[in-house]
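Peer 1: Taking my numbering as reference, the numbering of the sequence shown is continuous, increasing by one, and the terminal residue is 649. The beta-carbon is built from N, C-alpha and C at its ideal position, and this holds for glycine as well. Because the structure is a prediction, the values reported are computed rather than measured.
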Amino acid sequence: MFSVILKVLLALTSLSLSIYLFQLKDRYPDLTKSGWNRVLSGVLLLFGFSLIEILDEFPQAKAVIFGSPVIPLFLEVVFGILGLILIIFGMVNWLTEMSFLKKKSEDKESEFLFLENLASRTRKSSTLIETLENSLREVTSFLKVEASAIWIANPATGELILASYKGLSPQLAKQFESLTTENGIINQAAKNKEILIQEEISSTEEILMELKRGDFVSLAVAPILAAEKIIGVLALFSRERYKLDSKLENLLQNISSNLGEKIDTLRLAKEVKRRTEQLTQAIQENRILSVISGFLVSNQDLEQILDRIIWEGLKVIDAKVGHVVLVKDNKLEVKASLDPAFYGLNLELAEFPLIREVLDKKKNMVDQSNLLVPILARNQILGIIWFENRESERVFSQAEVQQATALANQASLAIQNSLLKEELKTLHQRLTDFQERQKLSVVELPGPNFVNDMNNIFAAILGNTQLLQNKLVAGELPYNSDLSEFLKVIEQSVVGGSQLMSRLQDTYPSTTGVVSAEVSDNLSDFGTAVTEKLTKKLKVLAIDDQRMILDLLSSMFANLGHSTEVAETGLEGIAKFNQDAFDLVITDLGLLDISGFEVSQKIKERNPEVPIVMITGWGANFDQEQLKKAGVDYILAKPFKLEQLTEVVEKVTAYKQSSFK
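(1) Within this structure, are the beta carbons of residue 600 and residue 561 separated by less than 7 Å?
(2) Consult DSSP for residue 226 and reduce its assignment to one of helix, strand or coil.
(3) For residue 553, which option in 559, 565, 547 has the closest C-alpha, if you only look at C-alpha atoms?
(4) Buried or exposed: which applies to residue 377, given that a residue is buried once 16 or more other Cβ atoms fall within 10 Å of its Cβ?
(5) State the CB to CB distance for the pair residue 636 and residue 624, rounded to an integer number of angstroms; the pair is presumed to be in contact (CB under 8 Å).
(6) With DSSP run on the structure shown, which of helix, strand or coil describes residue 605?
(7) Which same chain residues end up closer than 7 Å to residue 38 when comparing Cβ atoms and leaving out the 5 residues on each side of it in sequence?
(8) Figure out for me which residue from 111, 163, 524 has the closest Cα to the Cα of residue 250.
(9) Going along the chain, which unbroken runs of the alpha helix (DSSP H) with 4 or more residues stay wholly within the segment 14 to 67?
(10) According to the neighbour-count rule (16 or more other Cβ atoms, all chains shown, within 10 Å of its Cβ), is residue 65 buried or exposed?
(11) Could you name the residues that DSSP lists as bridge partners for residue 208?
(12) Would residue 185 pass as a contact of residue 232 if the rule is Cβ separation under 7 Å?
(13) Give the single residue among 390, 567, 298 whose Cα lies nearest to the Cα of residue 265.
(14) Quick one: what's residue 353 bridged to in DSSP?
(15) State the CB to CB distance for the pair residue 595 and residue 540, rounded to an integer number of angstroms; the pair is presumed to be in contact (CB under 8 Å).
(16) Measuring only the C-alpha atoms, how far is residue 338 from residue 329?
(17) Do you know how far the Cα of residue 30 is from the Cα of residue 23?
(18) Measure the beta-carbon distance from residue 361 to residue 392 and round it to whole angstroms, keeping in mind my assumption that it falls under 8 Å.
(19) Just mark residue 159 as buried or exposed, buried being the case when its beta carbon has 16 or more other beta carbons within 10 Å.
(20) Terminal residues of the continuous alpha helix (DSSP H) containing residue 563?
(21) Is it true that the CB of residue 369 sits closer than 7 Å to the CB of residue 304?
(22) Please classify residue 142 as buried or exposed, where buried requires at least 16 neighbouring CB atoms within 10 angstroms.
(23) Where does the unbroken alpha helix (DSSP H) through residue 129 begin, and where does it stop?
(24) Kindly indicate which residue of 136, 272, 620, 34 has the alpha-carbon position closest to the one of residue 597.
(25) What residue does the beta strand (DSSP E) around residue 162 start on, and which one ends it?
(26) Name the DSSP bridge partner or partners of residue 213?
(27) If I measure Cβ to Cβ from residue 321 and keep anything under 6 Å in the same chain, skipping five residues before and after, which residues do I get?
(28) From the DSSP output, in three-state form, read off residue 688 for me.
(29) Counting only the same chain and skipping the five closest in sequence on each side, list residues whose C-beta sits under 7 Å from that of residue 294.
(30) Mark residue 300 as exposed unless 16 or more other C-beta atoms lie within 10 angstroms of its C-beta, in which case mark it buried.
(31) To the nearest angstrom, report how far apart residue 57 and residue 48 are at their CA atoms.
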C-alpha cells in the first residue's frame, strides 16, 4: 500500500511540475530560451514512468494494455533514465542561462550607474574643456582602455580640432591636432553618423598606421551629434586585441549622446549669456540715453549737459576720469572734464597725438589706458569724448567702446543744439538791430547785402530746424514735446523774418521787372505733372561761399538719399565738375570769386545736359532770357524748406529725363 501511495505522489508531483513549467513560460519568457524544453520533457517522461509503475499494482489491467510484460518494463527503464537525463541537462542549461542573464543584468546596471555618474560629472562642469576632460577620465577608467580623444568640429570649415585627449603620447597628439572628414575612418563615422569599431586594426590609413606605431591594435570611433548635426568625434584606443568589440556599441551610443547634449547645452548657455549681455547693454544704453535726452531739452548750458554725459558714462565704463574736447582747426577746447586741472583749457592739437590720430582716421582709438571716440556731425568731427584709466592695466572692452560711441552721439546732439541756439540768438539780435535802425531812420534802408546775409542765416536755421523735426518724427531722436514746440517757434520766427526781408527787398529797384522761379517754359509745363519722388540716387555738386549753407545742403540731400560733393568757391566747383560726373549742380549766385552765372555757363559749356539750380538770397527777380543764356534751369530763393528743395530736384531731373526720351 505504501508503494502505491509513493507512485501516486510521484505522478501527481510530475503533473504539477509540468503545469508549473507551462505557467512559468508565460510569466518569464526569457527563462524559457534555454533548457526549459528539456526540463519539461524530462518531467513528462517521469510522469509516464509513474503511471506505468501504478499499473504494476493492477496486473490484469496492465496485461490488457500492454499484452506482453516486457513492454512496460522497457518503457519504465527508458522513461525513467531518459527523463532524469533530460531534467539534469535541462537544469544545467537553465542555470547557465540564468547566470548569463544575471551577469548581463549586472553589466547593464553597472553601465547605467556609469552613465549616471558621467552625466553627474559633466553636469557639474561649467566649461567645454572641463566637460571633455571629465568625460575622457570616466570613459577610459570604466572601459579600461589605454587612451581616448575627443575632436570638436569647426562649424565654418568642418575641420575636426583635437580638444582633449588622455593616454596619447605628445607626438601622436601633435599629429592628431586637426583631422579632415574627407576620407578614411573619421569620414565614415562622421558622414554615416554611425559608430565604427575595429577589433583589430588592419587598415593602412595614415591615422591608423600612426596608432599601430604607438602599439594600439584596436579602436572605436563614435560621432557626437547635436540636433542631428556632427559636432565632434569620440575615439577610444586599446593595446589589447578584441578589447573593443561590437558589444560596446550601445554604451558608446549613450556616451556620445550624453556628450552631444552637454556640448550643445554649453553652446546654448554661451549664446544665451551673449544675448543677455547684449540685452543688458541695450537696457543700460537706453537708460543713459533717456536720462541724457532729458538734459538735451532742458535749459542747462552746454557744459552742464556734457558733464552729465561724462558722469553717465562712468556708470557703464570702467574709467577714472573723462573729458569732452571740442576741435576747431588745430585748436582744442576742453569743454567738460572731471579733472579740474584740465577743464577749460585751450590747447594746441600738436600736443595730443592721440587726438590727432582719431581726427586723421575718423575712428575710435583704444589703448591700454585710453578710450577716445570722435563726436561726429554730418561726417565732420566736432570733438572727442575721452575716457582715461591711468592707474589700471586693463584694456577697455568692446562693450565699453559701444557705450562710449552712444555717449558721443548724445554729445553731438548737445553741441548741435547749442550751435542752433547761438544761431537763433544771432538772428534775434540782428532782427532787433534792424528794427532799431528802422526806428532811428525811416529814410536810410539796409542794402541788398544785408538782405542776402540775413537770408543765408534764415536758410541755415530753417533747414536745420526741419531736419531736427524730421528726426523727432522718425524716432531717430528721443521724442520730446517741449523740443518739438521749441522748433516750431524757431520755424515761425524764421518765416516771419523771411517775410520781412521779402518786403524790404520789394523796395529795391528791379533790374527787369520779370519775376520767375522756373526758367524754361517747357520745364514749367512739365513740373506740374511730377507727382512722385524719383527713385534714382543722385550725385550732387553744391557750390556756396557760406559753409553753413553747404552743410545744410549736404544734410538735406542725404535725407533725400542723395550724395553731395561741396565747393566753397566757383572756381573750385568748376574744377570738381571737370574731374567727376554729377547728376545735378546747385550753386549760389553771389560767390566770392566769380558769379553763379559764370559758373553755370562754364558747366553748361562742358555738359549742357546737367540741370543747374541757382540759390540766392537776393530774391528771384531775374530776366528770363539772361537765365537761359547762363544755363540756369531753376531759381530757388533763400530761405527754402526741405519740401521746396525736393520739388525742385524732382522737376529739373524729371524734365531732364523726359528730354532724353
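Peer 2: Let me lay it out:
(1) For the purposes of this step, residue 600 is taken as the residue at position 612 of the sequence shown. For the purposes of this step, residue 561 is taken as the residue at position 573 of the sequence shown. No, these two residues do not count as a Cβ contact at 7 Å.
(2) Here residue 226 corresponds to residue number 238 of the sequence shown, with the count starting at 1. The answer is strand: DSSP assigns residue 226 an E or B state.
(3) Position 565 of the sequence shown, counted from the first residue, corresponds to residue 553. Distances from the alpha-carbon of residue 553 to those of 559, 565, 547 put 565 closest.
(4) Reading the sequence shown from its first residue, position 389 is the one you call residue 377. Buried, because 16 or more other Cβ atoms sit within 10 Å of the Cβ of residue 377.
(5) Counting from 1 along the sequence shown, the entry for residue 636 is found at position 648. Counting from 1 along the sequence shown, the entry for residue 624 is found at position 636. Distance from residue 636 to residue 624 at the Cβ level is roughly 6 Å; contact confirmed, criterion being Cβ atoms closer than 8 Å.
(6) As a working note, residue 605 is residue 617 in the sequence shown. Coil.
(7) Stepping through the sequence shown from its first residue, residue 38 is reached at position 50. Within the same chain, residue 38 has close Cβ partners -5, -2, -1, 2.
(8) Along the sequence shown, one-based indexing puts residue 250 at 262. Checked all of 111, 163, 524; the closest Cα to residue 250 is 111.
(9) Counting only unbroken stretches of 4 or more residues, the alpha helix (DSSP H) elements lying wholly within the segment 14 to 67 are 24 to 43, 47 to 54, in sequence order.
(10) The count along the sequence shown starts at 1 and reaches residue 65 at position 77. So residue 65 counts as exposed.
(11) Position 220 of the sequence shown, counting from 1, holds the residue named residue 208. By DSSP's assignment, residue 208 forms a beta bridge with 185, 224.
(12) Taking the first residue of the sequence shown as 1, we reach residue 185 at position 197. Taking the first residue of the sequence shown as 1, we reach residue 232 at position 244. Contact flag set, yes.
(13) To locate residue 265, count along the sequence shown from 1; it is residue 277. By alpha-carbon distance to residue 265, the top candidate from 390, 567, 298 is 390.
(14) To locate residue 353, count along the sequence shown from 1; it is residue 365. 360, per the DSSP bridge assignment.
(15) The residue you call residue 595 lines up with position 607 of the sequence shown. The residue you call residue 540 lines up with position 552 of the sequence shown. Going by Cβ atoms, the distance from residue 595 to residue 540 rounds to 26 Å, so no, they are not a contact pair.
(16) If you number the sequence shown from 1, residue 338 lands on position 350. If you number the sequence shown from 1, residue 329 lands on position 341. Approximately 19 Å, taken between the alpha carbons.
(17) As a first step, residue 23 is located in the sequence shown; it is residue number 35 there, counting from the start. As a first step, residue 30 is located in the sequence shown; it is residue number 42 there, counting from the start. Using only the alpha carbons, I get a separation of about 11 Å.
(18) Residue mapping note: residue 361 aligns to position 373 of the sequence shown, counting from 1. Residue mapping note: residue 392 aligns to position 404 of the sequence shown, counting from 1. About 5 Å separates the two Cβ atoms, so the contact holds.
(19) Along the sequence shown, read from residue 1 onward, the residue named residue 159 stands at position 171. The residue in question, residue 159, is exposed, as its Cβ has fewer than 16 Cβ neighbours within 10 Å.
(20) Here residue 563 refers to the residue found at position 575 of the sequence shown. Annotation for residue 563: the continuous alpha helix (DSSP H) segment containing it runs 558 to 567.
(21) Here residue 304 refers to the residue found at position 316 of the sequence shown. Here residue 369 refers to the residue found at position 381 of the sequence shown. Cβ distance not < 7 Å, so residue 304 and residue 369 don't count as in contact.
(22) As a working mapping, residue 142 is identified with position 154 in the sequence shown. Exposed, by the Cβ-count rule.
(23) In the sequence shown, residue 129 corresponds to position 141, counting from 1. Boundaries of the alpha helix (DSSP H) around residue 129: 116 to 131.
(24) By one-based count along the sequence shown, residue 597 stands at place 609. It is 620.
(25) Counting from 1 along the sequence shown, the entry for residue 162 is found at position 174. Membership of residue 162 in any beta strand (DSSP E) is not indicated; the residue belongs instead to the alpha helix (DSSP H) covering 158 to 163.
(26) Here residue 213 corresponds to residue number 225 of the sequence shown, with the count starting at 1. Under DSSP, the beta-bridge partners assigned to residue 213 are 218.
(27) Position 333 of the sequence shown, counted from the first residue, corresponds to residue 321. Counting only residues of its own chain and dropping the five nearest sequence neighbours on each side, residue 321 has a CB closer than 6 Å to the CB of 314, 334.
(28) As displayed, the chain neither begins before -11 nor continues past 649, which places residue 688 out of reach and without an answer.
(29) On the sequence shown, residue 294 is found 306 positions in, with the first residue counted as 1. Closer than 7 Å at the Cβ level, and outside the excluded window around residue 294, lie 312, 323, 324, 399, 402.
(30) Position 312 of the sequence shown, counted from the first residue, corresponds to residue 300. Taking every protein chain shown into account, the CB of residue 300 has 16 or more other CB atoms within 10 angstroms, so this residue is buried.
(31) On the sequence shown, residue 57 is found 69 positions in, with the first residue counted as 1. On the sequence shown, residue 48 is found 60 positions in, with the first residue counted as 1. One C-alpha to the other measures close to 11 Å.
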